[in-house]
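A.B. asks:
This is the structure:
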């Protein structure tokens, strides 16, 4: 009995290996980028918002570069770190490395909950830990590490919701809370969660009474409401307007529908400088000229926040209708760049681009087999369905705004890593079982 307990505890401790490797990979990436370097364009917005929390000042309602304000949770995360380590850039990056390690732990837990086997869970967490796109987002002031972690928390409790009919309502509430917090980090999570609710209902109604399945859906939505409502109320008190999280969607809808952006998806840039010049043109000159135009036509600066949202939606629809063929090409380009295994070759050394591409393509291919393995069990099949729905919805949301690799990472990469780990486990099982059978056959012949 003591030996069994010892083996079990050793297997539990094994999860620390991918967690520590994940933290180490993130720290190496941070070291390579620079511990004190902050050159991401949105970082100043997050820093200003974090300082507003620390100093008890009104939340900033305008970005440095964009006519919108930022969701609150990531600045609140920075403020929490700075409460302990005042204004330390290094501390924020280290905290993000720890979040990456925590995500690896959650991938382990998700896989173990599905299969009740330590080896595939270990392999899934290990692939997640060394995934370059997940580790790399810890190097700057990016929302991705926090957003990825929160989505993984939601996914863990979705698995528990699928497997455990005794704690249905508690698990549904925790899924809702996690998605609500993820929405306060990046509002795209709201669209994904809302689309998952009816699918979860349809999956649960097969195994529990319809009333219970409906209550599960209601509790999940209530959990999201509990997480989001305090910020929505704060927005109303400070602006006099109903704003769920922030005012960024319509502006980003306009920005992402600009016909000129087709070059981001189809254009060949001469070099990194040419690429950067074009980005500065789109996010700088084009935006400034548009604001001048809207000031003349709509008296933009006098409009309320929700009125500005309507203006940006109107202008986005104009963009879409300007040339339907270009609109279609831009949307296809966004799907391509959302799912591409390749980094921007103008921003990264070709060796890095090649290594990342080989890794991501391998994970993609293995994940297909992993999904097949998981689908042979009812809970696994339900989970794969939910994953597929979240992948599709996340893609469609980003087709409306911007579809780049870093927007994909929180929604896709931890879970294809998990599926790839399951595939490797199954391949290894088959290989070693064949080896064992061959050895037994040889032994019987010699006997």
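Residue numbers (this note's numbering): 42 to 488. Heads up, the beta-carbon is just placed ideally off N, CA and C, and yes, glycines get one too. Just so it is clear, the structure is predicted and the values come from calculations on it, not from any experiment.
Exposed or buried, which one is residue 227 when buried takes at least 16 other CB atoms within 10 Å?
C.D. replies: To locate residue 227, count along the chain shown from 1; it is residue 186. Buried: at least 16 other Cβ atoms inside 10 Å.
A.B. asks: Along the chain, where does the alpha helix (DSSP H) that runs through residue 423 open and close?
C.D. replies: Your numbering for residue 423 matches position 382 in the chain shown. Here the alpha helix (DSSP H) through residue 423 covers 419-441.
A.B. asks: Which word fits residue 314, buried or exposed, when buried means at least 16 other C-beta atoms lie within 10 angstroms of its C-beta?
C.D. replies: Here residue 314 refers to the residue found at position 273 when the chain shown is read from its first residue. Answer is exposed; the Cβ neighbour count stays below 16.
A.B. asks: Buried or exposed, going by whether 16 or more other CB atoms sit within 10 Å of the CB of residue 340?
C.D. replies: Locating residue 340 in the chain shown gives position 299, counting from the first residue. It counts as exposed.
A.B. asks: Thinking just about the alpha-carbon of each residue, which of 118, 85, 257, 357 is nearest to the one in residue 105?
C.D. replies: Position 64 of the chain shown, counted from the first residue, corresponds to residue 105. Considering only alpha carbons, the answer is 85.
A.B. asks: Assuming residue 356 and residue 272 make a contact with CB atoms under 8 Å, what is their CB distance in whole Å?
C.D. replies: Working through the chain shown from its first residue, we reach residue 356 at position 315. Working through the chain shown from its first residue, we reach residue 272 at position 231. Between residue 272 and residue 356 the Cβ distance is about 27 Å, and since that is not below 8 Å, they are no contact.
A.B. asks: Looking only at its chain, what residues have a beta carbon closer than 6 Å to the beta carbon of residue 229, apart from the 5 residues adjacent to it on each side?
C.D. replies: Counting from one through the chain shown, the residue named residue 229 turns up at place 188. Excluding sequence neighbours, residue 229 sits near 438.
A.B. asks: What did DSSP end up calling residue 105 once you bin it into helix, strand or coil?
C.D. replies: Here residue 105 refers to the residue found at position 64 when the chain shown is read from its first residue. Of the three classes helix, strand and coil, the one that applies to residue 105 here is coil, per DSSP.
A.B. asks: What does the alpha-carbon distance come out to for the pair residue 486 and residue 428?
C.D. replies: Working through the chain shown from its first residue, we reach residue 486 at position 445. Working through the chain shown from its first residue, we reach residue 428 at position 387. With a pLDDT of 44 at residue 486, under the threshold of 50, the modelled position of that residue is not reliable, and no figure is offered here.
A.B. asks: What is the residue span of the alpha helix (DSSP H) that residue 336 lies within?
C.D. replies: For this step, residue 336 is matched to residue 295 along the chain shown. Where residue 336 is concerned, the enclosing alpha helix (DSSP H) stretches over 328-339.
A.B. asks: Under a Cβ-count criterion, where at least 16 other Cβ atoms within 10 Å of its own Cβ denotes burial, should residue 157 be classed as buried or exposed?
C.D. replies: Your numbering for residue 157 matches position 116 in the chain shown. Residue 157 should be labelled exposed.
A.B. asks: Buried or exposed for residue 137, please, with buried defined as at least 16 other CB atoms from any protein chain shown within 10 angstroms of its CB.
C.D. replies: What you label residue 137 is simply residue 96 of the chain shown in a count that begins at 1. That one is buried.
A.B. asks: Looking at C-alpha atoms only, which residue of 108, 308, 378, 389 is the closest neighbour of residue 447?
C.D. replies: Against the chain shown, residue 447 aligns to sequence position 406. Residue 378 is the option with its Cα nearest to residue 447.
A.B. asks: Which class does residue 276 belong to by DSSP, given the choice of helix, strand or coil?
C.D. replies: The residue given as residue 276 occupies position 235 in the chain shown. Three-state result, residue 276: helix.
A.B. asks: Quick one: what does DSSP say residue 98 is sitting in, helix, strand or coil?
C.D. replies: The count along the chain shown starts at 1 and reaches residue 98 at position 57. Looking at residue 98 - three-state DSSP - the assignment turns out to be coil, as it is neither helix nor strand.
A.B. asks: Check the C-beta distance from residue 411 over to residue 460 and give it rounded, since I have them as a contact under 8 Å.
C.D. replies: Working through the chain shown from its first residue, we reach residue 411 at position 370. Working through the chain shown from its first residue, we reach residue 460 at position 419. Between residue 460 and residue 411 the Cβ distance is about 3 Å, and since that is below 8 Å, they are a contact.
A.B. asks: Between the Cα of residue 180 and those of 401, 64, 464, 151, spot the shortest distance and give me the residue it belongs to.
C.D. replies: Here residue 180 refers to the residue found at position 139 of the chain shown. It is 64.
A.B. asks: According to DSSP, is residue 285 helix, strand or coil?
C.D. replies: As a working mapping, residue 285 is identified with position 244 in the chain shown. Residue state, collapsed to three classes: coil.
A.B. asks: Just how far apart, CA to CA, sit residue 129 and residue 205?
C.D. replies: What you label residue 129 is simply residue 88 of the chain shown in a count that begins at 1. What you label residue 205 is simply residue 164 of the chain shown in a count that begins at 1. Roughly 43 Å separates the two Cα atoms.
A.B. asks: Using a threshold of 7 Å, state whether the C-beta atoms of residue 144 and residue 189 are closer than that.
C.D. replies: Taking the first residue of the chain shown as 1, we reach residue 144 at position 103. Taking the first residue of the chain shown as 1, we reach residue 189 at position 148. Their beta carbons are under 7 Å apart, which means residue 144 touches residue 189 by this criterion.
A.B. asks: Pick from 203, 198, 119, 316: whose alpha carbon is nearest that of residue 264?
C.D. replies: If you number the chain shown from 1, residue 264 lands on position 223. Ranking 203, 198, 119, 316 by CA distance to the CA of residue 264 puts 198 first.
A.B. asks: Thinking C-alpha only, which one of 123, 451, 289, 432 is nearest residue 35?
C.D. replies: Nothing about residue 35 can be reported from this structure: the residues present for the chain run from 42 to 488 only.
A.B. asks: How many Å lie between residue 163 and residue 395 at the Cα?
C.D. replies: Against the chain shown, residue 163 aligns to sequence position 122. Against the chain shown, residue 395 aligns to sequence position 354. Rounded to the nearest angstrom, the two C-alpha atoms are 26 Å apart.
A.B. asks: Helix, strand or coil, according to DSSP, for residue 308 in the structure here?
C.D. replies: On the chain shown, position 267 is the one that residue 308 refers to. Coil at residue 308, not helix or strand.
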